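To start, the structure under review is shown below, and the notes come after it.
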Amino acid sequence: MAAERGAGRQGLITGARYAGINPEYEDSVSAVNGVSDDALHYPAINHISASVATTSQESTAAMTMSESQPEPGNGDVLQLPPELIDSILGYLSPVELAVVAQVCRKFRQHADADVHWQRHVQANVPGNTITSPYPCETFRELYICHDPYWFIPRKKIWFSDRGLPGQMIVVQYDQRRGVIEGYQIIAVSSIQDYEAWVSDQSVFIHHFEPKVRLHRDKPVIKFSPLGRINLARSDSGPSTFAPKHQFFSEQQMHMNNVSDPRLSNIILAKELTEEMLQNVMTKDWPYGFVWPPPTFPTSHRVSAVAAGIMPIQTQLLSRSSPSIWKPSARSEISEQCFRLRQWMEMGPPTLGVHLGEELVTYSTLDPKLYTPTKERPWRGIWVGDYSGHGCEFLLLNQPDVEGVTDVPLERMESETDAEYEERFLQERVYKGRLEAIKLTGDPNVPRGEYTFIAKDLGEAGFVEVAQEDPFQGARVVKSTGHIAHTGFYNDKYMESQLILISHNRLAQYWVDFGHISFFGRVDIDSLLKA
């Protein structure tokens with residue numbers, strides 16, 4: 001096998017740190033033999049129905065309650081025990097609570113009770129027990145101060161289309177100050193060591209021990225209750241959520257960052273309908289400027305123009321067809337995406353001169369995609385080694401396999417523990433496809449693209465079980481790696497092999513490059529606690 005791997009590399013571009021083609025040279029892409037990319041492309045496009053969904057008539061519980069007149073006998077509800085009334089109100093959303101509070105004084109006393117609003121605040125900050133509404137006096141005030149942006153800390157993980165590299169942030173609520181903040185997640189690997197592979201001395205293994213952290217010195221988004229507390233305390237407080245209240249889809253964020261002269265606004269997004277997606281999304285990059293791109297398995301997408309890629313279109317987006325991309329009512333708000341508008345101002349704000357303006361779109365991930373299970377143990381957020389490009393973050397997606405059930409595998413009477421475990425691996429784990437999608441990218445292969453794909457972890461893709469260190473005992477399967485020239489030009493897939501070291505660590509053997517790089521799982525929750 002060593003002779004076969006070494007053959008064919010003579011005369012190719014080489015480097016001191018690479019036994020084969022040096023991936024850090026731009027001409028290397030042309031020297032690599034591409035492999036077929038059939039069945040590698042984006043299943044999301046195929047799932048867009050050709051039929052156009054008809055527009056449904058939308059009605060919210062809030063509007064129904066506010067427009068209807070009280071029926072005779074409705075006052076009997078107030079004769080119920082207070083505990084029972086509070087229990088009933090516990091099923092209502094914040095908007096519905098606000099409408100109930102307008103019925104009468106007694107209903108307002110129940111609807112404004114902190115027990116209800118603390119529950120709604122807590123529901124939006126998972127993993128963080130909320131005990132105080134500081135700096136507000138009540139949890140109702142706190143909820144109003146950050147409305148309608150509570151979905152951002154609830155979703156927690158967000159990735160953007162900013163340029164080719166993109167950006168990934170993690171958002172959390174800090175109850176010490178009552179603020180919602182989002183920080184960029186970064187990784188640095190200071191280890192530059194490499195060694196020859198025992199199985200093939202012409203292949204180099206590049207060691208990788210990244211340090212992952214949040215860049216807390218400079219928040220990307222920040223919502224502070226200061227300045228909005230007076231709104232929450234106004235006499236018309238309950239009507240804050242009512243349909244008659246004026247809706248603003250764009251709000252300024254007060255970052256208080258002396259080192260960054262840019263101003264930032266957050267803009268709520270509106271989901272593209274199936275008809276719009278069918279008209280604008282394409283199979284080729286940049287996919288009709290929708291976000292997230294079709295590599296991500298989601299049916300929820302919005303219009304987007306990546307800052308730095310098409311700057312003119314970025315500036316025109318907010319001026320053309322605002323009804324397509326900008327919500328005009330609370331019911332149209334997308335809780336899967338939002339945008340940030342950033343710029344610098346020269347002179348008085350009244351002049352309205354924006355310099356260096358950019359519009360960046362963020363999207364979140366369905367927790368199912370990054371939550372590992374016993375049958376799909378490699379799902380998650382990962383960080384990978386990309387040599388001269390540094391560390392990049394990935395979503396490892398293990399789609400469910402059609403025909404494979406999640407019903408627990410029954411153990412046979414005569415099976416030993418080892419035999420049962422081996423049968424479980426073969427029948428439930430080593431099945432289907434494993435794909436790595438870039439959450440952040442580089443000038444060659446940008447964010448939102450596949451970086452490698454193993455089409456079958458089972459017998460169809462099986463290569464061997466590694467016999468030598470440092471991968472002894474690891475399963476090796478066929479894969480394809482994604483490469484391109486700068487600017488994502490002339491992209492192709494090359495032959496590679498994926499080494500399944502453990503559920504928290506993988507290695508990718510780039511055959512023509514003659515080197516092996518590592519990937520490790522990222523623990524997002526530990527970053528939030530740090």
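Residue numbers (UniProt numbering): 1 to 530. A virtual CB, placed ideally from N, CA and C, is assigned to each residue, including glycine. Small disclaimer: the values here were computed from a predicted structure and weren't measured.
Helix, strand or coil for residue i? Go by DSSP, reduced to three states.
i: I229; result: helix
i: Y143; result: helix
i: M276; result: helix
i: A269; result: strand
i: H120; result: helix
i: Y25; result: coil
i: Y420; result: helix
i: D114; result: helix
i: A187; result: strand
i: Q472; result: coil
i: S328; result: coil
i: R162; result: coil
i: Y489; result: strand
i: V389; result: Per the sequence shown, residue 389 should be read as His rather than Val. Of the three classes helix, strand and coil, the one that applies to H389 here is helix, per DSSP.
i: A101; result: coil
i: I130; result: coil
i: S526; result: helix
i: S30; result: helix
i: E35; result: The amino acid at residue 35 is misidentified as Glu; the sequence shows Val. Reduced to three states, the DSSP call for V35 is strand.
Going by other Cβ atoms of all chains shown within 10 Å of its Cβ, with 16 needed for buried, is residue i buried or exposed?
i: C145; result: buried
i: V100; result: buried
i: F296; result: buried
i: P408; result: exposed
i: Q251; result: exposed
i: R140; result: buried
i: R216; result: exposed
i: S414; result: exposed
i: C104; result: exposed
i: L396; result: buried
i: K374; result: exposed
i: residue 535; result: Coverage of the chain is limited to positions 1 through 530, which leaves residue 535 absent and any answer about it impossible.
i: Y91; result: exposed
i: M412; result: exposed
i: N124; result: buried
i: S303; result: buried
i: S224; result: buried
i: D512; result: buried
In terms of alpha-carbon separation, which member of the options lies closest to residue i?
i: Q192; options: V511, I186, S387, D147; result: S387
i: P377; options: V383, D385, K368; result: K368
i: E410; options: R428, S328, G520, I130; result: R428
i: Y183; options: D400, S328, R213; result: R213
i: L268; options: W285, V290, V477, E335; result: E335
i: S526; options: N128, V29, I205, K222; result: N128
i: Y430; options: D400, E449, V95, P81; result: D400
i: P443; options: G487, E435, T416, F151; result: G487
i: K106; options: V170, L80, P133, Y450; result: L80
i: I474; options: D200, T480, H120, L498; result: It should be pointed out that residue 474 corresponds to Ala in this sequence rather than to Ile. The option with the nearest alpha carbon to A474 is L498.
i: V32; options: S496, M412, D200; result: S496
i: D469; options: A196, D385, Y25; result: A196
i: A460; options: E449, S264, V476; result: V476
Measure the C-alpha to C-alpha separation of residue i and residue j and round it to an integer number of angstroms.
i: Y493; j: P148; result: 43 angstroms
i: P23; j: R379; result: 27 angstroms
i: L272; j: S160; result: 17 angstroms
i: S93; j: C391; result: 42 angstroms
i: T364; j: Q508; result: 27 angstroms
i: D491; j: F393; result: 20 angstroms
i: H207; j: I516; result: 9 angstroms
i: I169; j: P210; result: 17 angstroms
i: Y362; j: K438; result: 14 angstroms
i: P219; j: R341; result: 15 angstroms
i: E435; j: G481; result: 10 angstroms
i: V52; j: I333; result: Low confidence applies here, because V52 scores a pLDDT of 35, under 50, leaving its location unreliable; read the following figure in that light. Cα-Cα distance, rounded: 21 angstroms.
i: H254; j: P165; result: 26 angstroms
i: Q57; j: S328; result: Unreliable placement is indicated for Q57, whose pLDDT of 40 sits below 50; no coordinate value is reported for it.
On the DSSP bridge list, what partners appear for residue i?
i: residue 531; result: Lying before the first or after the last residue shown, residue 531 is absent from the chain, which here runs from 1 to 530.
i: Q109; result: Its beta-bridge partners do not exist; DSSP assigns none.
i: H215; result: Bridge partners of H215: none, in fact.
i: D174; result: V179
i: S496; result: S479, W510
i: D86; result: Answer is none; D86 lacks a bridge partner.
i: F223; result: I180
i: A196; result: F204
Is residue i near the ligand MN, in the sense that its beta carbon is under 6 angstroms from a heavy atom of that ligand?
i: K222; result: The model depicted lacks the ligand MN and carries no ligand whatsoever.
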